[in-house]
Amino acid sequence: MVERRSGAPIGRDDELHLARRLLEDGARLITVVGAPGVGKTRVLRHVARDLADEGADVCVVALRDLAASGVLGGVLRALGGAARVSSRASAIARAAERMERRGTVLVLDEAEHVRDEVAELVTAWLDGMTRVRVLASSRERLDVVFEHVVRLEPLAPAFAAALLRDALGRAAARWKVSDDDARRLVSRVDGLPLGVELLASRVAALGPHSVLASRALPRLRAFPRASRSVRRRDRLRPARAGLGGGGRRPPRRCVGGVVRVLRAKAARRPRRRRAGRAEGARVRP
Ligand SMILES: Nc1ncnc2c1ncn2[C@@H]1O[C@H](COP(=O)(O)OP(=O)(O)OP(=O)(O)O)[C@@H](O)[C@H]1O
Ligand SMILES: [Mg+2]
């Protein structure tokens, strides 16, 4: 039986403790790193929420839909300021001044496609200031001088099984899943939380035995390090014969038996997009 605090991510106590300890030791930039769907956002926002509960000024900026050119404006907007300023340098300085005054914890979620820009901005902010802290998530580390990395691996089987049960509970599934079946099921997605959630919806619909009997189940489609213009559901789309995703095209790459996570470094850079609005908020993470 796996116990956890209400709302806490399953099976991430070690990583949460590490993040906590780093913060207590004065870390000013922590990047949660790991494969797509491994739970970076979940962990990042949990840490941020804890800090907000303790009274910190937490400012969350979801970078997913922003191009590099939109990051600075997104941060300014999230901080409650005008996104337009006379120059980049003054925009950086204005953001720094606001964050320093408030002792802000800036949360930059999903930075992988704008790493260079984020690295530059964060370096500027941390270099000149003393009270600003940054929490980021990215598939790869930012590689800047202040950085501490909290790396997430797929969940261990007991925790992945607990997540499966949790997701089934949320779906009000009527099936009972034995411990043994739960472990067999989650082994098919290598304990990757996003895969477990997809699996749970399948199990909720068909029951564990049908799913276990289905040879097609493990054929989850995985892209090598997806472009950020590809949305999550496309990045880890169930193969046609797999989790019932009914993809438009045959899977580009199906890895028999397991979800292979998208680590390939030979990733294409995402196409440039217009800077969109940041989903930023100075409220709850
Ligand atoms: N430890 C966990 N406990 C419970 N649910 C989890 C856990 N980890 C991830 N999840 C759930 O799995 C799904 C994928 O997690 P999340 O979005 O955090 O992954 P990610 O690593 O941020 O993905 P991406 O690379 O696409 O940004 C979410 O629905 C999330 O709530
Ligand atoms: Mg994420």
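To convert, note that position 278 of the sequence shown is 278 in the numbering used here; the numbers rise steadily by one, no gaps. Even for Gly, the Cβ is constructed at its ideal location relative to N, Cα and C. Values in this document were obtained by computation on a predicted structure and should not be read as measured data.
When burial is assigned at 16 or more other CB atoms within 10 Å of the CB, is residue i buried or exposed?
i	result
K176	exposed
D14	exposed
R170	exposed
H287	Look at the range of the chain in this structure, 1 to 285, and you will see that residue 287 is not part of it.
H46	buried
E110	buried
R88	exposed
D190	buried
D181	buried
R12	buried
R21	exposed
S90	exposed
G7	exposed
Can you give the Cα-Cα distance for residue i and residue j, rounded to whole angstroms?
i	j	result
G70	A27	26 Å
A167	T41	17 Å
V58	L135	10 Å
S201	L194	11 Å
E97	V132	9 Å
E140	E112	6 Å
A205	V61	35 Å
G74	S210	46 Å
P218	G37	Any reading at P218 must be qualified, since the residue scores a pLDDT of 48, below 50, and its modelled position is unreliable; no value is offered.
V114	V107	14 Å
A19	S86	37 Å
V105	R165	34 Å
R174	P208	11 Å
D50	L212	38 Å
A161	D179	8 Å
R151	S214	33 Å
H148	I10	22 Å
L29	E117	15 Å
A172	V203	11 Å
V186	D127	44 Å
R183	I92	49 Å
E197	S138	21 Å
L63	G39	16 Å
A48	L23	11 Å
D25	A119	22 Å
G81	M99	11 Å
L199	D65	27 Å
L192	A67	27 Å
W125	F146	11 Å
Would you please state the rounded distance, in angstroms, between the beta carbons of residue i and residue j? I believe it to be under 8 Å.
i	j	result
V144	T123	5 Å
R94	L76	7 Å
V32	L44	5 Å
L79	L121	Actually they do not touch by this definition, with Cβ atoms about 12 Å apart.
What is the DSSP secondary structure of residue i, reduced to helix, strand or coil?
i	result
V122	helix
V114	helix
T41	helix
A62	strand
S87	coil
D25	coil
E140	coil
D180	helix
D13	helix
L192	coil
V132	coil
L106	strand
R77	helix
E147	strand
Does any heavy atom of ligand 4 sit closer than 6 Å to the C-beta of residue i?
i	result
P36	Questions concerning ligand 4 fall outside what the structure shown contains, since the ligands it does hold are ligand 1 and ligand 2.
Under 7 Å between C-beta atoms, does residue i make it to chain B?
i	result
D50	Included in the structure is just one protein chain, with no chain B present.
So, do the segment 151–162 and the segment 52–69 have three or more beta carbon pairs nearer to each other than 8 Å? no
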